[in-house]
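**Q** Got a structure for you, questions after.
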Amino acid sequence: MKTLYWFTRDLRMHDNAALLAAARSDMLLCVYVVDPRWFANGPFQCRAMGEHRWRFLWQSLTDLERSLRALGQRLHIAFGEPEQALPGLVHQHSVDRVIRSRQPGTIEAQQWQTLQQKLPNTLFQEFETLSLYTEGSLPMPVSELPGTFSQFRKRIEKQGDRGPDLLRIRTLTALPPPPGFPEDNRGECPPIPEPSSALTFTGGEAAGLARLQEYCFGNHSIATYKETRNALDDWESSSKFSPWLANGSLSAREVAATIEDYERQHTRNDSTYWLWFELLWREYFYWYALKHGSHLFRRDGVQRKHRQVTFYGHRFKAWCEGNTQYPIVNAAMNQLRETGYMSNRARQLVASCFVHELELDWRYGAAWFEQQLVDYDVASNYGNWQYLAGVGADPRGLRQFNLDKQAQQYDPDGAFVERWQGRSSQPVGLHTVDAADWPIL
1 MKTLYWFTRD LRMHDNAALL AAARSDMLLC VYVVDPRWFA NGPFQCRAMG EHRWRFLWQS
61 LTDLERSLRA LGQRLHIAFG EPEQALPGLV HQHSVDRVIR SRQPGTIEAQ QWQTLQQKLP
121 NTLFQEFETL SLYTEGSLPM PVSELPGTFS QFRKRIEKQG DRGPDLLRIR TLTALPPPPG
181 FPEDNRGECP PIPEPSSALT FTGGEAAGLA RLQEYCFGNH SIATYKETRN ALDDWESSSK
241 FSPWLANGSL SAREVAATIE DYERQHTRND STYWLWFELL WREYFYWYAL KHGSHLFRRD
301 GVQRKHRQVT FYGHRFKAWC EGNTQYPIVN AAMNQLRETG YMSNRARQLV ASCFVHELEL
361 DWRYGAAWFE QQLVDYDVAS NYGNWQYLAG VGADPRGLRQ FNLDKQAQQY DPDGAFVERW
421 QGRSSQPVGL HTVDAADWPI L
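Put into structure tokens, the structure is as follows:
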């Protein structure tokens, strides 16, 4: 059997059920598709792919290709729309089967459906590699996913200490041969931006696994995670696993298993549990996105709750540029723009400001995060924005933070604001129009 493996958000060799299935082939073509639409402005004035995540992604692909070449394989990088690029490769190499990881998100679902329509004689298979659990091991059908995270967590933990056993799939040590080494058109991809000097993540499976070991067994920061995770500007205050989890360079099951390894070998406390707790939040939003589909992206959210909002172009631009009347918000937005990252606490504060103080449509804020964040994850991003906007999974409805009080609590000496407040970049290029708990690891 000849198989095309479509790498998406599973850029790793370890714990990869989809790649393991693809390895049961006579010939294997490993493909990653860089979609030019990622780099064009969308309906909310933002791009799907910004500079920070693009650099991190390219580093991840480079690392993946090294791993594949060590097994006699290679990574074919196609620059084009998947609906066009993949059928051409299937016909060119007489492919019998196409495999990918299961994806949340309506665009991803539409692409998969279009490919099946274009290739009716080809077998299509999806495997769950982004999540902790498979759909079959959940304690409920996806259609009956609870409306709140607390209900979901209790159902999971009721099955055992932390739910069903999470078995890591072995790392592949052999792969079928590729169909020669056909030329790809990776040279047409956009240039890779230079890294920021302020905070730089290095993409790739090797870097993600190294960070996991460093955080848990190197400096034992996991043992104080719950006490430090809300810090606004410190590398070791939180795990920083989220960029590698987002593009699948690091497996959620690998993280969960490493947490349990640490607890067996060292200590089990509130902090080690809380890191697991945040993994479970990520898990909830993954299934939440699959359950709700297009409602994840609608103004009224999964609750179909109508809220009167107006788009003020100048307010949106000021928020993006870190030029509001709220110093802590400005500092966080400058940090995001320069580094591609901001802390869990800062994300909640800037989103609360966006929805409440600026009274803007939450979808514009979600789109800006999509463009800027190095750890963008479609389910977590849009699920969290709905949560803060009061149209999602929050049973309490709208959550508004007192920004002055939050600044006093989390930046009492003003060091965070002092560092980032004056670092505004060149004005953000937006087409302005005048018209009528954030869980990360």
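Position one of the sequence shown corresponds to residue 1 (the UniProt record's numbering), numbered consecutively onward. Idealized CB from N, CA, C, for every residue including glycine.
Run through DSSP, which three-state label would His220 get?
**A** If DSSP states are grouped into helix, strand and coil, His220 belongs with coil.
**Q** Looking at C-alpha atoms only, which residue of Ala389, His356, Arg419, Val391 is the closest neighbour of Leu336?
**A** The option with the nearest alpha carbon to Leu336 is Arg419.
**Q** Is it a yes or a no for the region 91-101 touching the region 49-67, going by three-plus beta-carbon pairs under 8 Å?
**A** No, the region 91-101 does not touch the region 49-67.
**Q** According to DSSP, Asn402 sits in a beta bridge with which residue or residues?
**A** Its beta-bridge partners do not exist; DSSP assigns none.
**Q** Write down every uninterrupted run of the alpha helix (DSSP H) in the region 133-177 whose length is 4 residues or greater and which is fully enclosed by it, in chain order.
**A** Segments of the alpha helix (DSSP H) lying fully in the region 133-177: 149-158.
**Q** State the DSSP-derived secondary structure class of Gln125, mapped to helix, strand or coil.
**A** Strand.
**Q** Quick check on the DSSP output: what are the complete beta strand (DSSP E) runs of length 3 or more inside the region 46-128, in order along the chain?
**A** Qualifying beta strand (DSSP E) stretches, in chain order: 75-79, 97-101, 123-127.
**Q** Using the three-state DSSP reduction, which class does Met27 fall into: helix, strand or coil?
**A** The answer is strand: DSSP assigns Met27 an E or B state.
**Q** Taking the DSSP output, what are the residues bridged to Trp6?
**A** In the DSSP output, where bridge partners are listed per residue, Trp6 has Val31.
**Q** Measure the CB-CB distance between Tyr387 and Ala366 and report whether it falls below 8 Å.
**A** No, the Cβ-Cβ distance between Tyr387 and Ala366 is not below 8 Å.
**Q** Quick one: Cα of Arg9 to Cα of Ala407, how far?
**A** Cα to Cα, the separation comes out at about 35 Å.
**Q** What is the rounded straight-line gap between the Cα of Gly390 and the Cα of Gln303?
**A** The straight-line gap from Cα to Cα measures roughly 9 Å.
**Q** Apart from the five residues on each side of it in sequence, which residues of its chain come closer than 7 Å, Cβ to Cβ, to Asn16?
**A** Same-chain partners within the cutoff: Asp10, Thr129, Ile169.
**Q** Give the range of the alpha helix (DSSP H) segment to which Leu130 is assigned.
**A** Taken as a continuous stretch (DSSP letters only), Leu130 belongs to no alpha helix (DSSP H), as it is neither H nor E.
**Q** Measure from the alpha carbon of Pro36 to the alpha carbon of each residue in Ser352, Gly50, Pro104, Gly422, then state which is nearest.
**A** Ranking the options by Cα distance to Pro36, first place goes to Gly50.
**Q** Going by alpha carbons, who is nearest to Val350 out of Asn334, Glu338, Thr339?
**A** Measuring from the Cα of Val350, the nearest candidate turns out to be Asn334.
**Q** Just the Cα atoms here: how many angstroms apart are Glu236 and Tyr225?
**A** Their Cα atoms are separated by approximately 9 Å.
**Q** By DSSP's criteria, Asn41 is part of a beta bridge. Which residues make up the other side?
**A** Per DSSP, Arg47.
**Q** Could you confirm whether any beta carbon from chain B is found closer than 8 Å to the beta carbon of Trp38?
**A** Absence of chain B from the displayed structure is noted, only one protein chain being present.
**Q** With a CB to CB cut of under 7 Å and the five nearest residues on each side skipped, what residues in its chain are close to Glu370?
**A** Excluding positions up to five away in sequence, the list reads Cys46, Ala48, Tyr376, Asn381.
**Q** Alpha carbon to alpha carbon, how far is Ser294 from Ala379?
**A** Roughly 11 Å separates the two Cα atoms.
**Q** For Ala257, tell me which candidate among Asp234, Arg53, Thr272 has the shortest Cα-Cα distance.
**A** With distances taken between Cα atoms, Ala257 lies closest to Thr272.
**Q** Where does Arg12 sit, in a helix, a strand or coil, going by DSSP?
**A** Note: Arg12 maps to coil in three-state DSSP.
**Q** On a CA-only basis, which of Leu4, Met13, Arg12 is nearest Trp27? Give me that one, please.
**A** Sequence check: residue 27 is Met here, not Trp. For the residues Leu4, Met13, Arg12, the minimum Cα distance to Met27 belongs to Leu4.
**Q** With a floor of 4 residues, list each alpha helix (DSSP H) that falls wholly inside the region 262-316, ordered by position along the chain.
**A** Segments of the alpha helix (DSSP H) lying fully in the region 262-316: 270-292.
**Q** Given a threshold of 16 other Cβ atoms within 10 Å of its Cβ, counted over all protein chains shown, does Phe7 qualify as buried or as exposed?
**A** Burial call: buried.
**Q** So, using beta-carbon positions, are Val255 and His52 closer together than 8 Å?
**A** The answer is no: Cβ separation not under 8 Å.
**Q** Taking DSSP as the reference, what is the three-state secondary structure of Ala231?
**A** Looking at Ala231 - three-state DSSP - the assignment turns out to be coil, as it is neither helix nor strand.
**Q** Which residue from Gln372, Ala289, Asp300, Glu359 puts its Cα closest to that of Phe311?
**A** That would be Glu359, whose Cα lies nearest to the Cα of Phe311.
**Q** Cβ atoms of Leu172 and Leu19: under 8 Å apart, would you say?
**A** Their beta carbons are under 8 Å apart, which means Leu19 touches Leu172 by this criterion.
**Q** Check whether the Cβ atoms of Ala252 and Ser131 lie closer than 8 Å to each other.
**A** Yes. Within cutoff.
**Q** How many angstroms separate the CA atom of Gln117 from the CA atom of Gly105?
**A** Rounded to whole angstroms, Gln117 to Gly105 spans 19 Å at the Cα level.
**Q** Which first and last residues belong to the alpha helix (DSSP H) in which Arg186 is found?
**A** It is not in any alpha helix (DSSP H) - Arg186 carries neither H nor E in the DSSP assignment.
**Q** When the Cα atoms are used, what is the spatial distance from Asn247 to Arg229?
**A** Rounded to whole angstroms, Asn247 to Arg229 spans 22 Å at the Cα level.
**Q** I need the boundaries of the alpha helix (DSSP H) containing Thr339, first residue and last residue.
**A** Residues 327-339.
**Q** Report the residue from Arg345, Met13, Phe56, Trp281 whose alpha carbon sits nearest the alpha carbon of residue 460.
**A** The shown model of the chain, from 1 to 441, leaves out residue 460, and the question about it has no answer.
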